[in-house]
Structures are given as structure tokens and as C-alpha cells.
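Our numbering applies: residue 6 is where the sequence shown begins, and numbers increase by one. Working notes, structure below.
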Amino acid sequence: KIEAQSADGRHLTHLLDVSNLQADDLDGEFLDKLGVHWYQPTILPVIGKLVAGGVAQRAGLQVGDEIVRVNDLPVADWSALVEAVRSHPGLSLILEVNRAGLALRLAVVPQIVEESGARVGKIGAGPKVDKAAWQAMLTEVSYPPGEAFHQALRKTWDTAAISLKMMGKMLVGEVSLKNLSGPITIADYAGQSAQVGLVSYLGFLALISISLGVLNLLPVPLLDGGHLLYYVAELLKGSPVSERTWEIGQKIGIALLGTLMVFAIYNDINRLISG
Numbered sequence: 006k007i008e009a010q011s012a013d014g015r016h017l018t019h020l021l022d023v024s025n026l027q028a029d030d031l032d033g034e035f036l037d038k039l040g041v042h043w044y045q046p047t048i049l050p051v052i053g054k055l056v057a058g059g060v061a062q063r064a065g066l067q068v069g070d071e072i073v074r075v076n077d078l079p080v081a082d083w084s085a086l087v088e089a090v091r092s093h094p095g096l097s098l099i100l101e102v103n104r105a106g107l108a109l110r111l112a113v114v115p116q117i118v119e120e121s122g123a124r125v126g127k128i129g130a131g132p133k134v135d136k137a138a139w140q141a142m143l144t145e146v147s148y149p150p151g152e153a154f155h156q157a158l159r160k161t162w163d164t165a166a167i168s169l170k171m172m173g174k175m176l177v178g179e180v181s182l183k184n185l186s187g188p189i190t191i192a193d194y195a196g197q198s199a200q201v202g203l204v205s206y207l208g209f210l211a212l213i214s215i216s217l218g219v220l221n222l223l224p225v226p227l228l229d230g231g232h233l234l235y236y237v238a239e240l241l242k243g244s245p246v247s248e249r250t251w252e253i254g255q256k257i258g259i260a261l262l263g264t265l266m267v268f269a270i271y272n273d274i275n276r277l278i279s280g
């Protein structure tokens with residue numbers, strides 16, 4: 006179910022048939038597979054930021070450069086530039102650049118990156134974004150205190166349920182472990198959300214807190230959920246679990262959490278390397 010607001014302010018609800026989607030479709034561009042594309046203001050092909058030491062910076066591109074053509078083909082907007090770069094991994098591209106009225110021709114070779122099983126090109130550059138245009142697209146919804154409390158509880162419950170479902174799908178192999186994120190990715194996203202604004206930052210912190218809360222309640226020794234499991238076992242058998250059971254449980258918990266952390270940090274490092 007997708008809830009939306011039309012251009013004239015009407016509230017609309019759409020039901021989508023997702024019965025033909027497979028478990029693997031949850032990875033990558035899920036909305037694209039649904040046929041849903043977000044509207045966004047036209048982003049001009051102007052360099053707004055560069056990855057230090059990246060392909061674009063090494064080629065001589067600078068912040069403020071406007072990409073006019075790629076291999077003699079005109080570039081209308083940033084998405085056209087991205088498509089040209091992504092479709093030429095490891096192949097030389099000639100960029101015609103307008104730098105404060107000065108015409109330049111620069112050669113770049115997009116870095117080859119594995120993404121969802123395909124090879125794509127990246128150059129380590131981001132667009133110059135008109136923040137005012139994006140802010141104009143936002144719709145702010147306010148609730149009275151009582152309704153706000155109810156919405157907060159509902160949102161917390163929904164987020165916890167989604168986190169639990171995703172963990173379950175990872176355990177049975179329906180969702181790739183590549184979706185796991187560790188401290189590096191969390192810190193990166195925290196910084197990005199803080200740049201957007203206080204509300205986005207607090208929302209991100211809430212998401213992380215809820216996800217960690219769900220993880221902590223799993224019946225895994227060392228976690229609070231593991232202690233609850235022992236208490237339930239004690240209630241059922243009428244006596245505390247043996248010291249040997251505690252010891253084995255601790256070892257299992259350490260092994261599970263250690264493996265989880267290794268996977269998460271590996272994914273973080275892999276994302277940094279692949280850009």
C-alpha cells in the first residue's frame with residue numbers, strides 16, 4: 006500500500022500487486038522494480054563535490070565545473086552524466102567542460118565497480134544541488150500532542166517489525182547479508198542525515214535505536230533476550246539453568262555476535278572500496 010498526496014493536495018491510497026516479486030527483489034532498487042520513480046527537480050550537470058583522490062579529481066575536474074558533453078554527446082542533466090559514466094566502466098570518456106567560461110576537454114576512465122552483480126562505472130563526483138528546490142518538495146505534517154504520541158508508537162512498532170522481518174529473511178537466506186551495516190556505515194549515514202537537518206538526524210538516531218533494541222531482545226546469550234530466555238527456562242523447569250549451560254550459551258553468543266560484527270565491518274569496508 007502506497008499513500009500519496011496529489012499535486013492539488015488530495016490524499017490518495019494505491020494498492021500494488023507484488024505477488025510476482027521474488028525475495029531477491031528486496032535488494033537493490035526495490036522501487037524501480039515496482040515501477041515507482043521519485044519526482045525530483047532537474048539537477049544540472051555541475052560538479053558540487055569530489056571524492057578526494059577519486060577518478061574525477063585525478064582527471065582535473067573541479068567543483069563548479071559544468072559538464073557540457075560526453076564523447077561529443079550533449080549532457081542535458083546530471084542523470085544523463087551518471088548514465089554515461091555508469092555504462093562505460095573502465096573505458097575512456099572525453100568530457101567537455103565549461104569552467105567559468107573557459108572550455109576544456111578532459112579524459113576520465115570510470116572506475117569499475119561491482120553493483121548488484123553488474124559492472125558499472127563511477128568517477129567519484131557529486132552534483133551541485135539546489136537545496137531550496139528540494140525543500141519546496143517537502144510536505145510537513147503536524148499532529149496534536151495525543152495524536153503525535155499515537156503516531157510515534159505506531160511508527161516505532163512498524164520499524165521494529167520491519168527490522169525483525171529483515172533479520173528473519175537474512176537468517177533463511179531470502180535477503181543478502183550485504184545489507185548488514187556496521188559502525189562505519191552508521192557513522193557515514195549519521196553525518197549525511199545531520200547535514201540534511203536536525204529532524205532527519207533525530208529520525209536516523211531513532212531508527213538505529215529501535216533496530217538495536219530489536220537486536221538486543223533476540224534470544225541470544227549475552228544479550229538481554231538471552232537472559233529472558235534463561236528466565237523462561239528457569240520458570241518452566243523450576244530451577245536455574247546449570248552453570249555449564251550458562252558457559253556454553255556465553256560461547257555461542259560470543260561466536261554469533263562476533264560473526265555478525267565481522268560481516269558488518271566487511272560490508273562497510275567493501276562499500277568504502279567500491280565507492
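Backbone N, C-alpha and C define an ideal beta-carbon position, used for all residues, glycine too. Since the structure is predicted, the reported quantities are computational estimates derived from the model, not experimental observations.
Within 7 Å, strictly: CB atoms of residue i and residue j
| i | j | result |
| --- | --- | --- |
| A61 | I117 | no |
| V51 | K133 | yes |
| L20 | K6 | yes |
| R110 | I99 | yes |
| K183 | N272 | yes |
| P245 | E252 | no |
| G258 | V225 | yes |
| I278 | G187 | no |
| S198 | Y206 | yes |
| E71 | N103 | yes |
| V219 | A165 | yes |
| G230 | L217 | no |
| T47 | D82 | yes |
Per-residue burial, residue i [other beta carbons within 10 Å of its own, 16 or more giving buried]
| i | result |
| --- | --- |
| D163 | exposed |
| G126 | buried |
| N275 | exposed |
| A130 | buried |
| W139 | exposed |
| L241 | exposed |
| A105 | exposed |
| V180 | buried |
| L17 | exposed |
| W43 | exposed |
| L185 | buried |
| H155 | exposed |
| H93 | buried |
For residue i, the first and last residue of its enclosing beta strand (DSSP E)
| i | result |
| --- | --- |
| L10 | A small fix is needed here, since residue 10 is Gln in this sequence, not Leu. From DSSP, the beta strand (DSSP E) with Q10 extends over I7 to Q10. |
| H16 | H16 to H19 |
| P132 | A130 to P132 |
Residues bridged to residue i [DSSP beta-bridge criterion]
| i | result |
| --- | --- |
| A123 | E120 |
| E71 | V51 and N103 |
| P150 | None, per the DSSP bridge assignment. |
| P224 | Bridge partners of P224: none, in fact. |
| R110 | E101 |
| L78 | V75 |
Continuous alpha helix (DSSP H) stretch holding residue i: start and end
| i | result |
| --- | --- |
| G230 | D229 to K242 |
| P188 | P188 to V201 |
| S84 | W83 to R91 |
| V60 | V60 to A64 |
| L136 | According to the sequence provided, residue 136 is Lys. The question's Leu does not apply to it. Element bounds for K136: K136 to M142. |
Cβ-Cβ separation, residue j to residue i (assumed contact under 8 Å), whole Å
| i | j | result |
| --- | --- | --- |
| E101 | A108 | 7 Å |
| L227 | Q200 | Not really, about 35 Å apart at Cβ, beyond 8 Å. |
| V73 | A89 | Between A89 and V73 the Cβ distance is about 12 Å, and since that is not below 8 Å, they are no contact. |
| L96 | V114 | 7 Å |
| L55 | L66 | 7 Å |
| F209 | A195 | 6 Å |
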